[in-house]
Amino acid sequence: MNKNALINLLPQQNQESVLANAELVELNLSQTICIVGKPTTHIFFPINCFISITQGIDHYPPIEIGMIGREGLLGAETALGISTNPFSALVQGAGSAWKLESQFFLSQISSSPELKEIINTYLAVRINQLGLSAACEHFHEIGPRLAKWLLMSQDRAQSPTFRMTHEFISLMLGIRRVGVTTTAADFRRRGLIEYHRGEIKILNRPALKAEACSCYIKNQKIYSSLIG
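To convert a position in the sequence shown, counted from 1, into the working numbering, add 1194.
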């Protein structure tokens, strides 16, 4: 079975220890994984699922501020001594993940310099990506943001086809549903994507990449420059 990319970076002994104490779980679409302010009880290492990190403010519905797939993990903040969830998270793409108790995760970090270094580096990646996400939401228009978001989803789904509704996309991007519908219809008309009954298929990735805002490539460069 494919492992999580961060687990793959660990020495063999550390990989075996983590996997021996982890539970392989199936995460369902739109399933809430954690709630902001609640205790962090488990860490999740996605394999072929992907998770949206969300944040709400005042009376507004929460929006997505980050996305985690097999390149990362949910709950890395516990390494900083934070025992409660700084964000909420829900499953954006169903699939498998390794679920690890947070206390065991902390014990592994304290006894493994290699794991501690990987987690600290990943936290630096997340900080950079969160800052980029805030700027993207403020400055970039709906079309480029939607193209970026579809590409990021495809990367983590590891498939050109994945389940997603316009309503869910509008909530994650913090835009009106009509904006998503209009832009998606334009992408469809030009042969970039296809969608039917909650399923989206990427038909022309190069063309969609040309439509995406610069944040898509910047996100990849942030990760590769620090982790590889």
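Where is the CB? At the ideal position from N, CA and C, for every residue including glycine.
Item to complete: Could you tell me how far apart the beta carbons of residue 1244 and residue 1351 are, in whole angstroms, since I believe they sit closer than 8 Å?
Response: Residue 1244 sits at position 50 when you count from the first residue of the sequence shown. Residue 1351 sits at position 157 when you count from the first residue of the sequence shown. Indeed, because the Cβ distance is near 6 Å, the residues count as touching under 8 Å.
What residues are listed by DSSP as bridge partners for residue 1381?
For this step, residue 1381 is matched to residue 187 along the sequence shown. Under DSSP, residue 1381 forms no beta bridge with any residue.
>> With H, G and I counted as helix, E and B as strand and the rest as coil, what does DSSP make of residue 1267?
In response: As a working mapping, residue 1267 is identified with position 73 in the sequence shown. Here residue 1267 sits in coil by DSSP.
| said: Let's test the definition: count the other Cβ atoms within 10 Å of the Cβ of residue 1496 and tell me whether it reaches 16, buried, or not, exposed. | reply: This structure cannot settle anything about residue 1496, because the visible part of the chain is limited to 1195 through 1422.
Counting contacts by CB-CB distance shorter than 7 Å, is residue 1271 in contact with chain C? This model lacks chain C altogether; it includes just one protein chain.
Review point. What is the rounded straight-line gap between the Cα of residue 1421 and the Cα of residue 1360?
Key: Against the sequence shown, residue 1421 aligns to sequence position 227. Against the sequence shown, residue 1360 aligns to sequence position 166. So the two alpha carbons sit approximately 33 Å from each other.
Cα-Cα separation between residue 1306 and residue 1300, rounded to whole angstroms: Taking the sequence shown and counting its residues from 1, one reaches residue 1306 at position 112. Taking the sequence shown and counting its residues from 1, one reaches residue 1300 at position 106. Their Cα atoms are separated by approximately 10 Å.
Would you grab the beta carbon distance between residue 1237 and residue 1279 for me? Rounded to a whole angstrom, and I think it's under 8 Å. Your numbering for residue 1237 matches position 43 in the sequence shown. Your numbering for residue 1279 matches position 85 in the sequence shown. In this structure residue 1237 does not touch residue 1279 by the C-beta definition: roughly 11 Å separates them, more than the 8 Å allowed.
Exercise. Which word fits residue 1218, buried or exposed, when buried means at least 16 other C-beta atoms lie within 10 angstroms of its C-beta?
Worked result: To locate residue 1218, count along the sequence shown from 1; it is residue 24. Around the beta carbon of residue 1218, a 10 Å sphere encloses fewer than 16 other beta carbons of the protein chains shown; the residue is thus reported as exposed.
**Study point:** Backbone secondary structure at residue 1285 - three-state DSSP
**Key:** Looking up residue 1285 in the sequence shown gives position 91. The three-state secondary structure of residue 1285, taken from DSSP, is strand.
Do residue 1336 and residue 1203 come within 7 Å of each other at the CB atom, strictly closer than that value?
Walking along the sequence shown from the start, residue 1203 turns up at place 9. Walking along the sequence shown from the start, residue 1336 turns up at place 142. In this structure, residue 1203 lies away from residue 1336, with their beta-carbon atoms at least 7 Å apart.
To the nearest angstrom, report how far apart residue 1286 and residue 1259 are at their CA atoms. Counting from 1 along the sequence shown, the entry for residue 1286 is found at position 92. Counting from 1 along the sequence shown, the entry for residue 1259 is found at position 65. Between residue 1286 and residue 1259, the C-alpha separation is close to 13 Å.
Spatial neighbours of residue 1439 within its chain, please: CB distance less than 6 Å, with the 5 preceding and 5 following residues excluded, ordered by chain position. Since the first residue shown for the chain is 1195 and the last is 1422, residue 1439 is missing from the structure and cannot be characterised.
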